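Participant:
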Ligand SMILES: Cc1ncc(C[n+]2csc(CCOP(=O)(O)OP(=O)(O)O)c2C)c(N)n1
């Protein structure tokens, strides 16, 4: 099957046909994610972003596809590579950019930075600087939903590397025995920093690990936003009835692991071959070819996305740094 | 003698020990081809191969536990945990397993492992990548805890740690990795548990370690111009602690400031203060012992806040001046 036929088949096989509005919303969020990261990379090169940051370029379909299948009240836990998850979940771009610049108007008042963005009002329980840090938290969050009899779910994002942490195995096990509504969504971008999956686990698919905990594991094309959407949408209903599920989205990060990565562990050809599979181009192509949106409409969405990011940059740059007087604030409630 | 960085000094120590003893090997996340997150082991993979420079999965518990297991059965592993914050995930293996084996087994086991891990703030990596957790390890009998402040100390102490028959937590300082210093070529050892007087002085003693040593020395130079003669003592190993050198210095100057980056409450500075208060140095003190630790907060991201979360040169200077004023002699 060609990519186009695959997309169409997936769109057809899903229980619902996605509306133009939803698809275009996914498109703009993917663009926001890409453009956001490009700005961050630029700020980095200018020495304006402090510390380190892990860019999500190439993986946009996974976060946006998955989060688009969630309600505002559904919860996510995110990772060190979390900008896409935030945007997928509908976060405020201004506050996000401001946080990256360490500004008072940022999501965490300048105290968290790239790896700690959270928006509890929109169901984002937090990015996480600790690999595997979100697994157990997602189990607890799902327990809350159960105990408070709320009909929502938790989606736990994590990487292939994180599935080697003990916390992954403990969380899947407990979520399974307590039948909690958690979608464990592994974004397998083939590397944990420099180490390829083939050297860190002896199974090809992270999804097969689900079997050890008596739950279902599924694999989805992580560069296909629509496929990820359907997988998560289906999983949502499934986990409410049956307890957790493990979905593995196969994808790729185009850039280095973080800003200090010399990229010695993978070839230019490999990176180029994945750039061919750009998830954003792919969605655009589908929208046009399936006659859902016109080229003009898509161009105008792209223009809008650029403007939104420029605004966020302006907002962030014009915002003040937090005052030193706030340094002791918020340690305790 | 040649000028090399702190990171290179650590690499030289590992490489020389690996050449000397085939039981020594390195394992950890991205220590191989990538050369370690901070580039400490760059080139070692090429020299020693993947059998002895082993990339592990992202699994801190098993890295520490496997090191303990290999050590108790005859190897001398060096395990790296990419950030000291993630030793929290290794804690059961370090605290309940590695540290306890020898004693629990009635002295029948040796656990000659080194756990290397970068600590401290200053890189903008925020609260989960910036902590100074040394006091935790010092609270566990059976472990040794080392924090070098210079390339020279780093090399000599790491060699001693590798040859030591006990589990040693070797905390490296991110902000010192690129700092250069004189290091003799070839083999030399700095015994664990021997403090170093980094600067002699007669008016006041600063006891500090790790990445706080350079600012303390700088302040000492500046204060010398104002007529205050500061002695700077670096214990280098917190466990075992060279109490004698600290006590002698306190007796000599009569005033003590303890400086560390780790948060003040429950920090190792409290232990040092208690050791001095509990010694004959107490009778020589001209002012109460003063502690200057990090603020009791997680490390913030914003650069200005981050800088002020830990002792700055200004705060160190201020503390010394307060100490001088409060002194009976002054
Ligand atoms: C517990 C812990 N160990 C190590 C690290 C350092 N680290 C940050 S990201 C990363 C790789 C994570 O790989 P994966 O989970 O596959 O996610 P990806 O980076 O590929 O998105 C590592 C080793 C960390 N942040 N936390």
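Residue numbers (this note's numbering), protein chains in the order written: chain X, 1 to 333; chain R, 1001 to 1330. Glycine is no exception: its CB is placed at the ideal position from the N, C-alpha and C atoms. Computed from a prediction, not measured in an experiment: that's the story for all the values here.
1) Please classify residue 1076/R as buried or exposed, where buried requires at least 16 neighbouring CB atoms within 10 angstroms.
2) May I ask whether a heavy atom of ligand 1 can be found less than 6 Å away from the beta carbon of residue 1032/R?
3) Any chance the CB of residue 130/X is under 6 Å from a heavy atom of ligand 1?
4) Is the beta carbon of residue 84/X less than 7 Å from the beta carbon of residue 118/X?
5) Give me the Cα-Cα distance between residue 1051/R and residue 1108/R, rounded to the nearest whole angstrom.
6) Could you name the residues of the stretch 151 to 170 of chain X whose beta carbon sits closer than 7 Å to any beta carbon of chain R, in the order they occur along the chain?
7) Within a Cβ cutoff of 6 Å, which residues of the same chain sit near residue 50/X, ignoring the five residues on either side of it in sequence?
8) Below 7 Å between beta carbons: does that hold for residue 1028/R and residue 1056/R?
9) Counting along the chain, where does the beta strand (DSSP E) carrying residue 1260/R start and finish?
10) Between which two residues does the alpha helix (DSSP H) containing residue 308/X stretch?
11) For chain X, is any of its Cβ atoms less than 7 Å away from the one on residue 1057/R?
12) Under 7 Å, Cβ to Cβ, is there at least one residue of chain X near residue 1235/R?
13) Any heavy atom of ligand 1 closer than 6 Å to the Cβ of residue 309/X?
14) Indicate the three-state DSSP secondary structure (helix, strand or coil) for residue 1253/R in the structure shown.
15) At 4 residues or longer, what runs of the alpha helix (DSSP H) sit wholly inside the stretch 16 to 100 of chain X?
16) Taking 6 Å as the line, does the beta carbon of residue 81/X fall inside it for any heavy atom of ligand 1?
17) Is the CB-CB distance between residue 1195/R and residue 1245/R below 7 Å?
18) Closer than 9 Å, Cβ to any Cβ of chain R: which residues of the stretch 180 to 211 of chain X, in chain order?
19) If you follow the alpha helix (DSSP H) that residue 1215/R is in, where does it begin and where does it stop?
20) How big is the Cα-Cα spacing for residue 32/X and residue 309/X?
21) Quick one: is the Cβ of residue 160/X within less than 6 Å of any heavy atom of ligand 3?
22) For residue 1184/R, which residues in the same chain have their Cβ closer than 6 Å to its Cβ, ignoring the five residues on either side in sequence?
23) For residue 208/X and residue 217/X, which I take to be in contact (beta-carbon distance under 8 Å), what is that distance rounded to the nearest angstrom?
24) Find out if the Cβ-Cβ distance for the pair residue 1151/R, residue 1181/R is shorter than 7 Å.
25) Is the CB of residue 91/X under 7 Å away from at least one CB in chain R?
26) Taking its Cβ as the centre, do 16 or more other Cβ atoms sit within 10 Å of residue 286/X, making it buried, or is it exposed?
27) Taking the alpha carbon of residue 1119/R as the reference point, which residue from 1175/R, 1091/R, 1061/R, 1138/R has its own alpha carbon closest?
Facilitator: Let's see:
1) Buried: at least 16 other Cβ atoms inside 10 Å.
2) Every heavy atom of ligand 1 is 6 Å or more from the Cβ of residue 1032/R, so no.
3) Yes.
4) Not closer than 7 Å, so no.
5) Cα-Cα distance, rounded: 29 Å.
6) Cβ contacts with chain R come from 161, 162, 164, 165, 166.
7) Around residue 50/X: 102.
8) Going by C-beta atoms, residue 1028/R is nearer than 7 Å to residue 1056/R.
9) It spans 1256 to 1263 - the beta strand (DSSP E) in which residue 1260/R sits, taken as one unbroken run.
10) Where residue 308/X is concerned, the enclosing alpha helix (DSSP H) stretches over 295 to 318.
11) Interface residue, yes.
12) No, residue 1235/R lies away from the interface with chain X (no Cβ there is under 7 Å from its Cβ).
13) No, the Cβ of residue 309/X stays beyond 6 Å of every heavy atom of ligand 1.
14) DSSP places residue 1253/R in helix when its eight states are reduced to three.
15) Qualifying alpha helix (DSSP H) stretches, in chain order: 20 to 45, 60 to 68, 83 to 88, 93 to 100.
16) Closer than 6 Å to some heavy atom of ligand 1: that describes the Cβ of residue 81/X.
17) Cβ distance < 7 Å, so residue 1195/R and residue 1245/R count as in contact.
18) Result list: 192, 193, 194, 195, 199, 200, 201.
19) Element bounds for residue 1215/R: 1213 to 1225.
20) Rounded to whole angstroms, residue 32/X to residue 309/X spans 7 Å at the Cα level.
21) Ligand 3 is absent from the structure shown, which contains only ligand 1.
22) Hits under 6 Å: 1001.
23) Confirmed, Cβ separation roughly 6 Å.
24) The Cβ-Cβ distance between residue 1151/R and residue 1181/R falls below 7 Å.
25) It does not; no Cβ of chain R falls within 7 Å.
26) With 16 or more Cβ atoms within 10 Å of its Cβ, residue 286/X is classed as buried.
27) In this structure, 1175/R is the residue among 1175/R, 1091/R, 1061/R, 1138/R with its C-alpha nearest to the C-alpha of residue 1119/R.
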